[in-house]
Amino acid sequence: MPLRPIDLAREHGLSTQAVRNYEEAGILPPAGRSASGYRHYDERHAAALWAFLALVPGHGHREAAAILCAVHSGALERALQLLDEGHARLAEDRRTLEAARTALAHLPDDPPPAAADRPTHIGPLAHRLGLRPATLREWERAGLVSPSRDARTGYRVYTPAQVRELRLAEQLRRGGHGLAATAEILHRLRDAGGPEAVRPTLTAWQARLTARGRALLSGAAALHACLDLIERPAPPTP
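What the sequence shown shows, in the working numbering, is residues 106 to 343, in sequence order.
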């Protein structure tokens, strides 16, 4: 049975213009036309729209659109590759979360308050962490920390919060995590307010990853149903 643009739009709470835009973008296959020139869709278009909307929560709008465009252009392998990359990103995020948990669990206790309140320079800090000053400079170039400079001497000055971050970075690096992954974890910690503040957020972080995993599954199932319909012969034009 032919479907009008408004039939697809109403089912998903969209405007008819949005449906037409999705078609023009390649997210939906080209619509058929009646003798009077009106668009008409069928179950393949409905399945494609459903698949796109199901893919968005897990992959994002741009990647979901790219997957459907690849499908409709006959590039199935590209569509499957994009699908795999979404799962790979989730797996990497899970590893990042686990690394943060492990590093926080093994982070040494803070030094006495008198020592913790004092900024420090690169030499004493490197000695405290068991690293070379060159390693701390490399970490700075990689974006792990950005120490200020002493106005008189030009030496790097690390705040107590930065020292804490570098101790965590040392744990992560010792655990085999690369500089990019370590920088990402530290960035998340800063957004949360530091190592102490991030501990309660780990559960929420895990919940978001679980929701994303479920969304990836839902999107893949909807795409599978869409592919099944696309592979069927098109219905005759009324």
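The beta carbon of each residue, even a glycine, is placed where N, CA and C say it ideally should be.
- Take the alpha-carbon of A325 and the one of R319: they are about 10 Å apart.
- If only uninterrupted beta strand (DSSP E) runs of at least 3 residues are considered, those enclosed by the region 226-284 are 261-263.
- Residue state for Y146 is assigned as strand, using DSSP reduced to three classes.
- G137 has H145 as its beta-bridge partners, per DSSP.
- Here A312 is exposed. Its C-beta has fewer than 16 other C-beta atoms within 10 Å.
- Selection A266, L271 and R125 evaluated against P238 yields L271 as nearest (Cα-Cα).
- With respect to the 7 Å criterion, R206 and L314 are not classified as neighbours on the basis of their beta carbons.
- When the alpha-carbon of E168 is set against those of H150, A159 and L187, the nearest one is in L187.
- DSSP places P107 outside any alpha helix (DSSP H), giving it a letter other than H or E.
- In this chain, the alpha helix (DSSP H) harbouring E190 covers L181 to A210.
- At the C-beta level, L113 and L173 stay beyond 7 Å of one another.
- Here the alpha carbon of L307 sits roughly 15 Å from the alpha carbon of R317.
- In the displayed model, I132 falls within coil according to three-state DSSP, outside both helix and strand.
- Between the region 326-334 and the region 154-165 there are three or more inter-stretch CB-CB distances shorter than 8 Å, so the stretches are counted as touching.
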